[in-house]
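Take a look at the structure below.
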Amino acid sequence: MIKGNFIDNLPKVYGIYTGGFLAFIIIMSIAEQMGVTAKTIGICFVAFTVAIYAIIGYLSRTAQADAYYVAGRQVPTVFNGMATAADWMSGASFVAMAGGIYFKGYGYMALLVGWTGGYVLVASLLAPYLRKFGCYTVPDFIGTRYGGNLSRFMAVVVLTVASFTYVTAQINATGTIASVALDIPFQYAVYVGLVSILLCSMLGGMRGVTWTQVAQYIVLIIAYLLPVFWISNKMGAGFFPHFMLADEVSRIAELEAQFGFVKNSAENLKEVPKGLAGITKAHSAVNATPWAFISLALAMMMGTASLPHVMMRYFTTPSVKAARKSVGWSLFFIFLLYSSAPMLATLSKLSLIDPSLPTGIIGKSISEVQAIDWYQNWNQANLMFVSDFNGNGTLELNEFFMGGKAVVLATPEIAGLPYVISGLVAAGGMAAAMSTADGLILAIANAISHDVYYKIIDPKAETAKRLVVARVLLVVIGFAGATIAALEIQGILGSVIWAFDFAMSGLFFPLVLGVWWKRANKEGAIAGMALGLISGAGYLVWVRNGGSGFLGITQLTFGIFGSAVSLVSMVVVSLITSAPSAATQKMVDEVRVPSGKSILGKQH
Amino acid sequence: MSKQEQHWEKSKGLLMMTLAIWFVFSIGIFLFGAEMNEVTGPFGYPLTYWFTCQGSLGIFVILIFWFANRQEKIDEEFGFSEKGED
């Protein structure tokens with residue numbers, strides 16, 4: 001079934017897989033009816049899906065460089081779209097996004113616009129041209145276009161800084177989910193997560209990651225959409241929530257006006273467990289200045305176009321035009337989840353705060369709320385908290401606190417859905433975090449093995465040796481990431497946003513100008529990468545240590561400063577040094593034409 | 001002008017148009033977020049709210065497919081299109 005023309009059989013293979021997964025959900029719900037415990041169901045969901053990914057990873061094993069680095073360049077557009085969507089949507093998108101919208105409203109929605117709008121830049125400025133180039137990695141493009149080991153090495157540095165910041169958050173997320181679902185301590189669960197991640201990528205490299213990511217996308221999108229539709233129907237809010245929640249949105253605004261946003265004293269807030277927040281921002285009203293919104297969206301868009309683990313997915317398509325279309329499919333599959341997150345946030349918030357709904361807790365007596373089963377469960381998990389600050393015995397809006405993850409994780413239970421849905425959500429979160437972690441670890445390991453080891457240190461190395469080095473690096477980087485993740489330094493969402501800022505600081509302009517400005521040369525690119533990364537990182541350190549910042553650029557948008565420095569230094573240095581050689585200019589001309597041979601050979 | 005230069009001029013024109021539409025829906029409209037939110041948008045949501053959860057996102061999806069088709073037409077016109085399947 002898998003052998004021979006596997007590519008032609010893709011729709012059938014994944015059709016059977018999807019059917020099998022749905023059947024598994026039904027079997028689990030029957031098991032739940034028959035009295036199987038919630039814990040067993042949770043373990044089954046995570047273990048079953050991870051086992052499937054491991055099998056796919058094993059079947060995709062390869063000993064060829066182009067299969068290992070770019071999946072043999074034969075991934076069809078739609079499937080590459082799904083794989084990119086899974087690669088892209090991390091544990092943060094899956095578990096934390098709806099929560100962010102729930103708490104911060106409009107100011108947070110800038111991330112939705114930014115994380116989708118960036119794909120327009122990917123499609124129009126970069127992906128088709130880098131595909132024509134025929135590179136294996138993003139530094140491969142920088143190193144060949146600009147020439148010289150230093151430019152290649154700088155690109156590897158930027159890539160590693162950005163991707164490593166990102167990957168620790170993802171390993172952290174797999175650890176969190178594994179520790180809840182399998183009921184083991186977090187510091188061990190992190191390594192369980194890591195082993196699952198490596199099972200997908202070790203043997204097959206990009207090929208293994210591609211086919212597991214498609215499988216992971218199917219799991220995560222079912223796990224996200226099914227509860228949203230179910231909850232909406234159960235609440236009577238509408239059978240297709242995306243088009244039918246206008247009344248619910250305006251009802252929330254009405255309730256907000258009725259309750260008001262009471263500010264808690266610092267002393268009261270000390271009682272609240274770390275990481276939990278109350279509702280303090282309007283749900284659908286504009287609650288941020290235009291610049292706060294636009295700067296965050298812009299930083300995320302430029303970051304999207306500079307993140308190597310996304311870009312390298314478009315190296316796997318069969319042609320340049322397929323790369324372009326594939327970006328469209330990627331965004332379509334991302335859109336399915338992103339447009340559902342605000343709906344989930346709306347349903348979750350309304351079901352909790354509307355006193356006229358049976359699930360509403362605001363306005364009930366504190367003791368009554370504390371007696372609710374799901375409140376006790378999630379309070380124990382440190383994701384919910386109530387306290388009677390004003391001593392009137394009734395729960396007010398400002399006396400109710402929740403963790404961001406609870407919106408996705410707890411809403412099904414609050415709405416009274418069977419436990420099987422919670423198991424499904426755990427499997428979905430695991431799929432989301434694993435797929436992103438795989439893409440990131442592979443991006444780093446490939447850049448170091450291909451660009452540093454093969455291109456700089458030992459250009460004569462044989463394929464077998466190169467692939468051994470690549471795999472060893474994969475494990476080393478994975479373990480380094482897991483070790484840092486186990487320390488739990490930075491929250492999941494914070495480090496994800498930093499990764500975008502690092503990537504755009506160092507790589508956005510060197511990549512874009514490499515295609516669109518012939519005059520850009522090696523010296524300019526090196527200056528752009530080095531000064532961009534240093535100034536961006538410097539700004540972050542400055543603001544984190546109490547610096548006031550300027551132009552409203554915060555620690556979440558420091559990439560705007562970094563990339564501005566990168567642009568200016570790259571243009572200035574390019575212009576004061578000599579123009580690139582005729583051969584390089586001819587190469588740029590060739591990149592701009594979709595037909596013909598790629599710049600770099602099939603095996604290089 | 002050589003064939004290749006003409007092809008690049010047309011591609012640049014398409015890029016500019018694509019980026020202009022992108023700019024309007026990712027940045028431009030949010031300069032007037034507060035004012036726009038007073039208006040009722042599609043499906044009865046406040047307009048700015050609708051753009052942030054569905055409108056802009058959906059427009060980006062359509063924009064990329066539109067761009068890909070237009071670029072393919074340009075490539076075909078100059079005979080630079082690749083043979084073979086998608």
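Those protein sequence lines, which keep their order, are chains A and B. Read in my numbering, the first sequence has 358 at position 358, and its numbers run on one by one without any break. Read in my numbering, the second sequence has 82 at position 82, and its numbers run on one by one without any break. All residues carry an ideal CB built from backbone N, CA and C; glycine is no exception. Keep in mind that this is a model prediction, so the values were computed, not measured.
Query	Result
What residues in the segment 320 to 351 of chain A have a beta carbon less than 7 Å from any beta carbon of chain B?	V320, K321, A322, R324, K325, V327, G328, L331, F332, F335, Y338, S339, P342
On a CA-only basis, which of A:R466, A:F509, A:Y419, A:L567 is nearest A:I26? Give me that one, please.	A:Y419
Give me the Cα-Cα distance between A:S232 and A:T411, rounded to the nearest whole angstrom.	11 Å
Identify the residues that DSSP records as bridge partners of A:A470: which are they?	Note: A:A470 sits in no beta bridge, so no partner.
To which residues of the same chain is A:I294 closer than 8 Å at the C-beta, ignoring the five residues directly before and after it?	A110
I think A:K104 touches A:K281, with their Cβ atoms under 8 Å apart; what is that distance to the nearest whole Å?	5 Å
In the DSSP output, which residue or residues are listed as bridge partners for B:P46?	B:T40
Using a threshold of 7 Å, is the CB atom of A:I231 nearer than that to any non-hydrogen atom of the ligand COA?	This structure lacks the ligand COA, and indeed carries no ligand of any kind.
If you run the structure through DSSP and keep just helix, strand and coil, what is A:G275?	coil
CB B:I59 to CB A:A123, shorter than 8 Å?	no
Can you name the residues of chain A whose CB is closer than 7 Å to the CB of B:E82?	S319, V320, K321, P594, S595
So A:I294 contacts chain B; which residues on that side make the cut at Cβ distance below 8 Å?	I27, F30, L31
Where do the ends of the alpha helix (DSSP H) carrying A:V36 lie?	Counting along the chain, A:V36 falls outside any alpha helix (DSSP H), and DSSP gives it neither H nor E.
Consult DSSP for A:F389 and reduce its assignment to one of helix, strand or coil.	coil
Please name the residues in the segment 41 to 58 of chain B whose beta-carbon is closer than 7 Å to at least one beta-carbon of chain A, in chain order.	F43, G44, Y45, P46, T48, Y49, T52, C53, Q54, S56, L57, G58
Compute the beta-carbon to beta-carbon distance between A:S569 and A:E523, rounded to the nearest angstrom, for a pair I have assumed lies under 8 Å.	About 10 Å separates the two Cβ atoms, so there is no contact after all.
Who does A:F401 pair with in a DSSP beta bridge?	A:F385
Provide the residue(s) that pair with A:S365 in DSSP beta bridges, ordered along the chain.	A:T394
Buried or exposed, going by whether 16 or more other CB atoms sit within 10 Å of the CB of A:L350?	buried
With a cut-off of 8 Å on the beta carbons, I'd call A:V496 and A:S90 a contact; round off their distance for me.	6 Å
Specify the secondary structure class of A:V407 as computed by DSSP and reduced to three states.	helix
Over the uninterrupted alpha helix (DSSP H) stretch that includes A:S566, give me the two end residues.	558 to 576
By how many angstroms is the C-alpha of A:A415 removed from the C-alpha of A:G148?	59 Å
With DSSP as the reference, label A:F261 as helix, strand or coil.	coil
Could you check whether A:W498 and A:S330 sit closer than 8 Å to each other, using their CB atoms as the reference points?	no
So, with DSSP's three-state summary, where would you put B:Q4?	helix
Any idea if A:Q376 is buried or exposed, counting beta-carbon neighbours within 10 angstroms, 16 or more meaning buried?	exposed
Does the beta-carbon distance from A:F509 to A:S566 come in below 8 Å?	yes
Quick one: give me the first and last residue of the alpha helix (DSSP H) that A:Y106 is part of.	106 to 121
Cα separation between A:A92 and A:G404?	10 Å
Near A:T304, which residues of its chain fall below 6 Å by C-beta distance, leaving aside the five closest residues on each side in sequence?	G118
Give a yes or no on contact between the segment 184 to 203 of chain A and the segment 532 to 548 of chain A, applying the rule of three or more CB pairs nearer than 8 Å.	no
Going straight from the alpha carbon of A:V408 to that of A:E462, what length do you get?	48 Å
Quick check: the Cα distance between A:L442 and A:V70, rounded to an integer number of angstroms?	11 Å
To the nearest whole angstrom, what separates the beta carbons of A:I56 and A:A215, a pair I think is in contact under 8 Å?	6 Å
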